[in-house]
Amino acid sequence: MNWNQQRTNEAPNPVAGNPNIAKVYLTGVYVRLSVEDGGLGKESESLLHQEQFLMRYLEQHPELILTKIYRDNGETGTKFDRPGFSMMMDDLRHGAINCILVKDLSRFGRDYVQTGEYIEKIFPFMGTRFISVLEDFDNIRPNARDTLMVNLKNLMNEAYAKDKSKRICSAFDAKRANGEFNVKYAPYGYLLSGDKKHPYVINPETADVVREIFNLRQQRMPVRAIARLLDEKGYLTPRQYAIKVGIRKKPMPENHWTSVAVYRILENPAYLGHMVVHKTEARLYQGIQKRKVDKKDQLFVPNVNEVIITQEQFDSVQGVKKVSKRSSKKQKAKTENLFRGFLYCAECGRPLYAEKSKLANGKEMRYYHCPTYRDHHEKYCSHKAGMREDKIKTVVLEFIKSQARLAGEIERRANSASLFHLEGPNGKSRKDTIHDLEAALAREEYLLKDAFECYVLGSLSESDYLFSKAKREKQMESLRAQLKKAKKNEGKGILEMVKSSSYVQILKSLTRARTVTREMCEALLERIDIDKDHNLKITVKYRDEFANLLQKIGDLEAEIHDVG
Numbered sequence: 012m013n014w015n016q017q018r019t020n021e022a023p024n025p026v027a028g029n030p031n032i033a034k035v036y037l038t039g040v041y042v043r044l045s046v047e048d049g050g051l052g053k054e055s056e057s058l059l060h061q062e063q064f065l066m067r068y069l070e071q072h073p074e075l076i077l078t079k080i081y082r083d084n085g086e087t088g089t090k091f092d093r094p095g096f097s098m099m100m101d102d103l104r105h106g107a108i109n110c111i112l113v114k115d116l117s118r119f120g121r122d123y124v125q126t127g128e129y130i131e132k133i134f135p136f137m138g139t140r141f142i143s144v145l146e147d148f149d150n151i152r153p154n155a156r157d158t159l160m161v162n163l164k165n166l167m168n169e170a171y172a173k174d175k176s177k178r179i180c181s182a183f184d185a186k187r188a189n190g191e192f193n194v195k196y197a198p199y200g201y202l203l204s205g206d207k208k209h210p211y212v213i214n215p216e217t218a219d220v221v222r223e224i225f226n227l228r229q230q231r232m233p234v235r236a237i238a239r240l241l242d243e244k245g246y247l248t249p250r251q252y253a254i255k256v257g258i259r260k261k262p263m264p265e266n267h268w269t270s271v272a273v274y275r276i277l278e279n280p281a282y283l284g285h286m287v288v289h290k291t292e293a294r295l296y297q298g299i300q301k302r303k304v305d306k307k308d309q310l311f312v313p314n315v316n317e318v319i320i321t322q323e324q325f326d327s328v329q330g331v332k333k334v335s336k337r338s339s340k341k342q343k344a345k346t347e348n349l350f351r352g353f354l355y356c357a358e359c360g361r362p363l364y365a366e367k368s369k370l371a372n373g374k375e376m377r378y379y380h381c382p383t384y385r386d387h388h389e390k391y392c393s394h395k396a397g398m399r400e401d402k403i404k405t406v407v408l409e410f411i412k413s414q415a416r417l418a419g420e421i422e423r424r425a426n427s428a429s430l431f432h433l434e435g436p437n438g439k440s441r442k443d444t445i446h447d448l449e450a451a452l453a454r455e456e457y458l459l460k461d462a463f464e465c466y467v468l469g470s471l472s473e474s475d476y477l478f479s480k481a482k483r484e485k486q487m488e489s490l491r492a493q494l495k496k497a498k499k500n501e502g503k504g505i506l507e508m509v510k511s512s513s514y515v516q517i518l519k520s521l522t523r524a525r526t527v528t529r530e531m532c533e534a535l536l537e538r539i540d541i542d543k544d545h546n547l548k549i550t551v552k553y554r555d556e557f558a559n560l561l562q563k564i565g566d567l568e569a570e571i572h573d574v575g
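Each step along the sequence shown adds one to the number in this note's numbering, with nothing skipped, and position 475 is 486.
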């Protein structure tokens, strides 16, 4: 999501100009039921109860106009990619709402860092009012910036989430040990049975497609030819079928059979009745976000479900695959290419593949082609003509040289700005002054936190705490002002950043480069998108770093100009 656009989410105010009538807000109510409850939570936390609670609040605040209710049922609060939440943020960005109302912060989210990011940065930037009823938090109040208690509550929520994570992981481990499987989706060819110990049953609508794929491959039909045939017969892809029957609601960009989809079916041991589980894991209490599990660490359980493919046919198809792989490796050894892993079709987004052809003069030349056009022609992608490697090299080389010139310009401008560097007070260098001020500020923040903990524990009276709090905050305000002044011109710091940038140094060394090497690509490039007219869009790894350096240098140059 792009938060850098100008936001105009202020609600149209029909009473503007009348100071006696409050501004109205187009309000989105957000309710969420925890994934751990599976949609069957306690009555106090049910979606209906949350909605009723917030409707009563709206009745007491006529300036809040209910626009829409966003619901997430059975969604964890430790992640923010929830359907209802995403829909709410889309409406917020498009101006359909400009106020969010929740029962409490834990309904909004349990991840301290991301919740704080939304409340303290994103919503103020978007001009969004945010109200959490139980915490009595409203970000338009004058004291809303004092977020100590809000952050403390968020921290408690995160600790709760970690504790919940630990208990859920333990429960899943126990179920697996008892031969029970917690699965959300069945592979293409199966349906969920509702039986935890035998979770899949054959789906007569799609199982025949799976059998046909294995039969065709056993007859040594190329995988891309199988994909084309399935398209011609009008068979829905696994993703299309999942959307059709309501298993998945989010539309998928892929709307045709691909070699990858066919291979996934041919390699899946589920069609032998086996289960492979623990392919991904997330253990928040151990600080482990969701990740893929190595194959050697996955859990293989044989003979759990009904069989679609026999072991003999499965083994036969794997044998065809091994022969194909050996042939493919030989071909790849002959056509090893410079831009492997960097080139993509700008139209369909798939990686381009390399193929050698002979020119009229007998010389071999490598071309890069779109696999979607190869498999399906213009039905799904119009990127027909391959592009010669030497032409790509010419464009990339000129681009790298231009970036080398940019790196030199960045260093020159940083060096000029550094000449304006001033000493700090008392004869100290500016770096030492900034370091001392930051250390003093950190000490005051620590003492303020310590005073609060003493107050909570009862070893410090309320009056003593408030006195200490006022004193510390005044000192911190003074230190921040001094720090801002000391940092006003950091030319030398910018120059150090430029000189320590590996990308600047690499690019400077390539000013007179005569050819493109694999090492250059790996060091500098992220991807290259090529359209059907052979226009290149080159994305570099250092784009954010250079943008940051140029921004800082520009700010310094503006300050120097103002002083001058």
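All C-beta atoms in this analysis are idealised placements derived from N, C-alpha and C, irrespective of residue type, glycine included.
Going by C-alpha to C-alpha distance, which of A238, Q63, F119 sits closest to L44?
F119
Is F192 helix, strand or coil when you go by DSSP?
coil
So if DSSP puts F64 in a beta bridge, which residue, or which two residues, is it bridged to?
Looking at the DSSP assignment, F64 forms no beta bridge with any residue, so it has no partner.
Is it true that the CB of C532 sits closer than 9 Å to the CB of L353?
Just to set this straight, residue 353 is Phe in the shown sequence, not Leu. Contact flag set, yes.
Identify, in the order they occur along the chain, each residue of the same chain with its Cβ nearer than 7 Å to the Cβ of G298, setting aside the five sequence neighbours on each side.
Because G298 sits at a pLDDT of 47, beneath the cut-off of 50, its placement in the model cannot be relied upon, and the point is left open.
Three-state secondary structure (DSSP) at F134?
helix
Under three-state DSSP, which class holds I151?
coil
Sort out for me which residues DSSP pairs D102 with in a bridge.
BP columns for D102 are empty, so no partner.
Looking only at its chain, what residues have a beta carbon closer than 7 Å to the beta carbon of I276, apart from the 5 residues adjacent to it on each side?
Y199, V221, I224
Below 8 Å on the Cβ atoms is my contact criterion, and I expect K543 with H394 to pass it. Report the Cβ-Cβ distance as a whole number of Å.
5 Å
Check whether the Cβ atoms of K114 and M99 lie closer than 9 Å to each other.
no
Output yes or no for whether 9 Å exceeds the beta carbon distance between L561 and I421.
yes
Name the residue from K402, G284, V318 whose alpha carbon lies nearest to the alpha carbon of Y312.
A small fix is needed here, since residue 312 is Val in this sequence, not Tyr. Residue G284 is the option with its Cα nearest to V312.
D305, buried or exposed, once every other Cβ within 10 Å from all chains shown has been counted against 16:
exposed
Just tell me which of D102, R529, G85, N214 has its CA closest to the CA of V40.
Comparing alpha-carbon positions, the option among D102, R529, G85, N214 lying closest to V40 turns out to be D102.
How long is the line joining the alpha carbons of V574 and L567, rounded to whole angstroms?
Because V574 carries a pLDDT of 46, less than 50, the predicted location of this residue cannot be relied on, and the following value inherits that uncertainty. When rounded, the distance between both Cα atoms is 11 Å.
First and last residue of the alpha helix (DSSP H) that includes V527?
Premise fails: V527 is in no alpha helix (DSSP H) and is neither H nor E.
Is DSSP giving R43 helix, strand or coil here?
strand
Cβ-Cβ distance between Y476 and C465 below 9 Å
yes
Helix, strand or coil at V144 [DSSP, three-state]:
coil
8 Å contact criterion, which F91 and Q125 should meet: CB distance rounded
A Cβ-Cβ distance of about 6 Å is found for the pair F91 and Q125, placing them in contact under the 8 Å criterion.
Using a Cβ-Cβ cutoff of less than 7 Å, which residues in the same chain neighbour K341 once the five nearest sequence positions on both sides are dropped?
Caution is warranted here: a pLDDT of 49 is assigned to K341, below 50, making its placement in the model unreliable, and no coordinate value can be reported.
Same chain, Cβ closer than 7 Å to D206, neighbours up to 5 away in sequence not counted:
none
Let's test the definition: count the other Cβ atoms within 10 Å of the Cβ of S117 and tell me whether it reaches 16, buried, or not, exposed.
Classification of S117: buried, given that the 10 Å Cβ count is 16 or more.
S429 versus K369: straight-line alpha-carbon distance, rounded:
55 Å
What is the C-beta distance between N150 and I130, in whole angstroms, given that I count them as a contact (C-beta under 8 Å)?
7 Å
Between the alpha carbons of G257 and R250, how many angstroms are there, rounded?
11 Å
Is D555 buried or exposed, if buried means 16 or more other CB atoms sit within 10 Å of its CB?
exposed
According to the neighbour-count rule (16 or more other Cβ atoms, all chains shown, within 10 Å of its Cβ), is A481 buried or exposed?
The residue in question, A481, is exposed, as its Cβ has fewer than 16 Cβ neighbours within 10 Å.
Starting from I539, follow its DSSP beta bridges and name the residues at the other end.
L354, I549
Pair within 9 Å by beta-carbon distance, P215 and F192
no
Measure the alpha-carbon distance for P73 versus E484 and round it to whole angstroms.
The alpha-carbon atoms of P73 and E484 are separated by roughly 37 Å.
Based on Cα-Cα distance, which residue from V467, I541, L490, A462 lies nearest to A453?
L490
Using the C-alpha atoms, what's the distance from L417 back to K519?
9 Å
How many angstroms separate the CA atom of D386 from the CA atom of Q322?
Approximately 29 Å between the Cα atoms of the pair.
Taking the DSSP output, what are the residues bridged to S368?
M376
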